[in-house]
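**Student:** Residue numbers (our numbering): 153 to 714.
All C-beta atoms, glycine included, are put in the ideal place defined by N, C-alpha and C.
Bear in mind that the values here come from a model prediction, so they are computed numbers and not experimental data.
Below you'll find the structure I mean.
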């Protein structure tokens, strides 16, 4: 039958089949490629086809070069192995490889050739910098902070070395004059090339500082808080600074515990244990209680988990922070813990006292002696029911006043810190705060890094020195450089830098002086701090430049050499 078909039709059919076959090959070759990445599929667009050879652990090999590259368009369902091994995509342009030549290279934006270096402006952020881990040991602290805090790629760097002279006889309130300037020998550093960084040498300046706090035990103190699971988990690093290894116990009432499963609660307990914190996580006494009511209700659990050594029971907010427990313990030791005692401080803002009354404000802590704590723990439900309002601080006050004869004892050194906005005036006034509060809400302060000074030289935290004729160091917080010099600066008064600048603060931290403008005062704020394996303290003070104007960030690294 086929022999009867004209030869021309046979040839046409063969040609048509050939065209169909070629077209299929072309379409298949041009189809989007998919690669196995865990359980997810990662599409690679045609414009990025040279990224399409997956290597080990889902890292895509760049066939145009020798280095490894990372796909940044991974589906959210991709395995954790990939997300853990990749860097965040840059918003400032293509990231540059590590100086070691072994880092990942970020995937370029579509249409940008990966081998083309678009360059960076000097004042551009280092958010897309490679990892600091491969840098020389001497610059790892600097490069790590520059990466994590997103400093500009080039910085103006100064190094200042201090030789502490420890003494038990230090006038903490004196602002000692140091004749030589603190800013000298500034140099410009490229933070993208850590192997090329040459840190300048510095001659140490002797500064007399208090002795370090002794490694004492504080098992006589027990602390109680009531907060949500998330806020408690976020607070663990701050708690660890002042609670880890102290012997003090923390009782945490998790107000939303009914919404959490055993795995989540187990994770929380593991985090406390890993941080070296002796913590007990408990349920609220009544699921209907508000967080503020649980603030007082946790007292029953505190008494239950206390021991014969417990002398003081402290109610805290979850953002109450102690640079060290030694000053608190010393202040409480001046009081008789065997008698009923109710201890705390007022708000610095007189209008808050007018609104809420005369009581121990919770951010500074409310402290009950052991006899009073035991007595009131038996009245917890009664006091919460009878209270005129549901605020925890007021419930404590009313329970103390109606169930005992104790009255509020004001403790100097405690601060509620009811200040919003720029809190630099408080921290630069030479105060000696036992505690800090509101540091991650009403204002921002890196309290864990700040308190490294307290770890290093005790009461030297926030101690002040004059350098040259225009600069003041407030240890652990800032270095302030005054344009017109120090002759007209009244260091005996507090600068009213915060939002509410009026007479409401005069009774507590006044008198206040007017704040300086940014032109009149250049402030280098503490960015990070660490205590090295050798026991030295390293601090980074930073003035942030205007990135829009291409200004470099300025960094002064202060090294306290033991």
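What first and last residue would you give for the beta strand (DSSP E) that runs through residue 676?
**Tutor:** Taken as a continuous stretch (DSSP letters only), the beta strand (DSSP E) holding residue 676 covers 673-683.
**Student:** Please report the residue range of the alpha helix (DSSP H) in which residue 709 lies.
**Tutor:** Note, residue 709: premise wrong, no alpha helix (DSSP H); beta strand (DSSP E) at 705-712.
**Student:** Within 10 Å of its beta-carbon, does residue 459 have 16 or more other beta-carbons around it, so buried, or fewer, so exposed?
**Tutor:** The residue is exposed, with fewer than 16 neighbouring Cβ atoms inside 10 Å.
**Student:** Look at the Cβ atom of residue 321, then the Cβ atom of residue 679, and state whether they are nearer than 8 angstroms.
**Tutor:** no
**Student:** Are the CB atoms of residue 620 and residue 411 nearer to each other than 8 angstroms?
**Tutor:** no
**Student:** Give the DSSP-derived three-state secondary structure of residue 229 in the structure shown.
**Tutor:** Low local confidence applies: a pLDDT of 35 at residue 229 is under 50, so the model's placement there is unreliable, with the coordinate-based value given in what follows. Of the three classes helix, strand and coil, the one that applies to residue 229 here is coil, per DSSP.
**Student:** Within a Cβ cutoff of 6 angstroms, which residues of the same chain sit near residue 645, ignoring the five residues on either side of it in sequence?
**Tutor:** Cβ neighbours of residue 645 within its own chain (closer than 6 angstroms, five residues either side excluded): 663, 665.
**Student:** Where does residue 569 land, buried or exposed, given buried means 16+ other C-beta within 10 angstroms?
**Tutor:** Residue 569 is classed as buried because its beta carbon has at least 16 other beta carbons within 10 Å across all chains shown.
**Student:** Between the alpha carbons of residue 583 and residue 614, how many angstroms are there, rounded?
**Tutor:** 7 angstroms
**Student:** Thinking residue 610 and residue 622 are a contact (beta carbons under 8 angstroms), I'd like their distance in whole angstroms, please.
**Tutor:** Between residue 622 and residue 610 the Cβ distance is about 28 angstroms, and since that is not below 8 angstroms, they are no contact.
**Student:** Runs of 4 residues minimum, wholly inside the segment 582-661: which ones carry the alpha helix (DSSP H) assignment?
**Tutor:** 599-602, 604-609, 658-661
**Student:** With H, G and I counted as helix, E and B as strand and the rest as coil, what does DSSP make of residue 533?
**Tutor:** helix
**Student:** Which full runs of the beta strand (DSSP E) of 3+ residues lie inside the segment 480-562, going along the chain?
**Tutor:** 494-496, 518-521, 560-562
**Student:** Which complete beta strand (DSSP E) runs does the segment 335-383 hold, if anything under 3 residues is left out?
**Tutor:** 339-342, 357-362, 373-379
**Student:** Per DSSP, what are the beta-bridge partners of residue 314 in this structure?
**Tutor:** 357, 712
**Student:** For residue 381 and residue 526, I'd like the C-alpha separation in whole angstroms.
**Tutor:** 27 angstroms
**Student:** In three-state terms, what does DSSP make of residue 432?
**Tutor:** Residue 432 carries a strand assignment under DSSP once its states are collapsed to helix, strand and coil.
**Student:** Following the continuous beta strand (DSSP E) through residue 465, name the residue where it begins and the one where it ends.
**Tutor:** 464-467
**Student:** Within 8 angstroms, do at least three Cβ pairs link the segment 443-454 to the segment 411-421?
**Tutor:** no
**Student:** For the alpha helix (DSSP H) holding residue 458, just list the boundary residues, first then last.
**Tutor:** Neither: residue 458 is in no alpha helix (DSSP H) and is coded neither H nor E.
**Student:** Short check: CB of residue 618 to CB of residue 357, under 8 angstroms?
**Tutor:** no
**Student:** Can you say whether residue 706 is buried or exposed, counting buried as having 16 or more other CB atoms within 10 angstroms of its CB?
**Tutor:** buried
**Student:** If you drop the 5 nearest sequence neighbours on each side, which residues of the same chain put their C-beta closer than 8 angstroms to that of residue 550?
**Tutor:** In its chain, beyond the 5 residues on either side, 535, 538, 539, 540 have a beta carbon closer than 8 angstroms to the beta carbon of residue 550.
**Student:** On a CA-only basis, which of 428, 407, 422 is nearest residue 396? Give me that one, please.
**Tutor:** 428
**Student:** Please tell me whether, using a cut-off of 7 angstroms, the distance from the CB of residue 553 to the nearest non-hydrogen atom of the ligand SAH is below it.
**Tutor:** Absence of the ligand SAH from the depicted structure is noted, as is the absence of any ligand whatsoever, leaving it without description.
**Student:** By Cβ distance below 6 angstroms, which residues in the same chain neighbour residue 435 in space, the five residues on each side in sequence not counted?
**Tutor:** 409
**Student:** Within 10 angstroms of its Cβ, does residue 366 collect 16 or more other Cβ (buried), or is it exposed?
**Tutor:** exposed
**Student:** Pick out whichever of 562, 600, 293 has its Cα sitting closest to the Cα of residue 486.
**Tutor:** 562
**Student:** Using the three-state DSSP reduction, which class does residue 304 fall into: helix, strand or coil?
**Tutor:** strand
**Student:** Beta-carbon separation of residue 723 and residue 342 under 8 angstroms?
**Tutor:** Outside the displayed span of the chain (153 to 714) sits residue 723, for which this structure offers no information.
**Student:** What distance in whole Å lies between the Cβ atoms of residue 571 and residue 594, which are believed to be in contact at a cut-off of 8 angstroms?
**Tutor:** 7 angstroms
**Student:** Could you check the C-alpha separation between residue 657 and residue 504 for me, to the nearest Å?
**Tutor:** A straight-line Cα-Cα distance of about 10 angstroms links residue 657 and residue 504.
**Student:** Rounding to the nearest angstrom, what Cα-Cα distance links residue 601 and residue 681 in this structure?
**Tutor:** 5 angstroms
**Student:** Start and end of the alpha helix (DSSP H) containing residue 420?
**Tutor:** 414-426
**Student:** Can you tell me whether residue 566 is buried or exposed, with buried defined as 16 or more other CB within 10 angstroms of its CB?
**Tutor:** buried
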